[in-house]
Amino acid sequence: MELKEKVKEVIKRLKKAYPSARIALNFQNPLQLLIATILSAQCTDERVNQVTAELFKKYRTAKDFASAPIEELALDIKSTGFFQQKAKYIKEACRILVEKYGGEVPRTMEELLELPGVARKTANIVLSNAYGVIEGIPVDTHVSRLAQRIGLVKSKQAEKIEKELMEIVPREDWFIFPYLLQAHGRKICLAKKPKCPECFLKDLCDAYLSQN
DNA sequence: CTCCCGATAT
DNA sequence: ATATCAGGAG
């Protein structure tokens, strides 16, 4: 009960500070969102947007990605890092989209998770932003770090963190929650040098409280 | 737990 | 030059 109240207060303050928090990836359809989210692994959303601006002019359908030479696709996404791995994921995932789903991106968690390069974080992003299906809470590095620091969760693994968050975050906030934490994680609660003095959550933050 | 990798900040 | 940033697979 105590924890649920704390989460509510955290969300309330974050909403006030970041009223326009939302997904930072640019996309115009489910396929573009899927590709952009796969590319966003270990890469900033800003860089992904730079790459996809060109990428989506060249590759317009799942078939385009599936039939591209792997080396060429890899070069086209090079600057997002891990490019050979990601090129394989994208090509193979799109091959599956073409063969099993008529070139469309599936609408269920189960089907999405079968695609290479897609785990719960990516699946949650695609489902919620492309189809309005809220199955869970995407846990990326920001959500993971802030949830642990503030003391919202005890686990350190993404899957377990997601489960814990689903217990305490009101369902109507599941969609906005990760974007609120990301905004704060990028601006104040930085990974290495968090700006605690200027943080409006310090009176609620376990990490801050335990070292001051 | 290790590997996959470039870009930007310092 | 070197530290920091950031998901998924095997």
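Take the first sequence: its position 179, counted from the start at 1, is 179 in full-length UniProt numbering, and no numbers get skipped. For each residue, glycine too, the CB sits at the ideal point set by N, CA and C. None of the values given here were measured: they were computed from a predicted structure.
Supposed contact pair residue j and residue i - C-beta distance, whole angstroms, cut 8 Å
| i | j | result |
| --- | --- | --- |
| V98 | K63 | 5 Å |
| I90 | L73 | 7 Å |
| L201 | R13 | 6 Å |
| R107 | V143 | That pair is no contact at about 23 Å. |
| A36 | L25 | 4 Å |
Exposed unless 16 or more other CB atoms sit within 10 angstroms - verdict on residue i
| i | result |
| --- | --- |
| G117 | buried |
| K187 | exposed |
| A183 | buried |
| A20 | Reading off the sequence, residue 20 comes out as Ser, not Ala. Classification for S20: exposed. |
| A123 | buried |
| L34 | buried |
| A53 | exposed |
| L115 | buried |
| Q157 | exposed |
| G185 | buried |
| I70 | exposed |
| L75 | exposed |
| P170 | exposed |
For residue j and residue i, the rounded distance between their alpha carbons
| i | j | result |
| --- | --- | --- |
| R60 | E92 | 16 Å |
| R22 | K121 | 15 Å |
| L127 | Q211 | 39 Å |
| L181 | K15 | 10 Å |
| W174 | T80 | 28 Å |
| K8 | A17 | 14 Å |
| Q84 | K4 | 43 Å |
| L55 | V105 | 18 Å |
| Q28 | L209 | 43 Å |
| P194 | E135 | 31 Å |
| L113 | K78 | 24 Å |
| E2 | G103 | 47 Å |
| K154 | L190 | 20 Å |
| V10 | S67 | 47 Å |
| Q50 | F177 | 25 Å |
| Q32 | V48 | 11 Å |
Test item: CB-CB of residue i and residue j under 8 Å
| i | j | result |
| --- | --- | --- |
| A130 | P197 | no |
| K86 | I38 | yes |
| residue 225 | E110 | In this structure the chain extends from 1 to 212, so residue 225 is not present and cannot be described. |
| D203 | I150 | no |
| C43 | F65 | no |
| L152 | I168 | yes |
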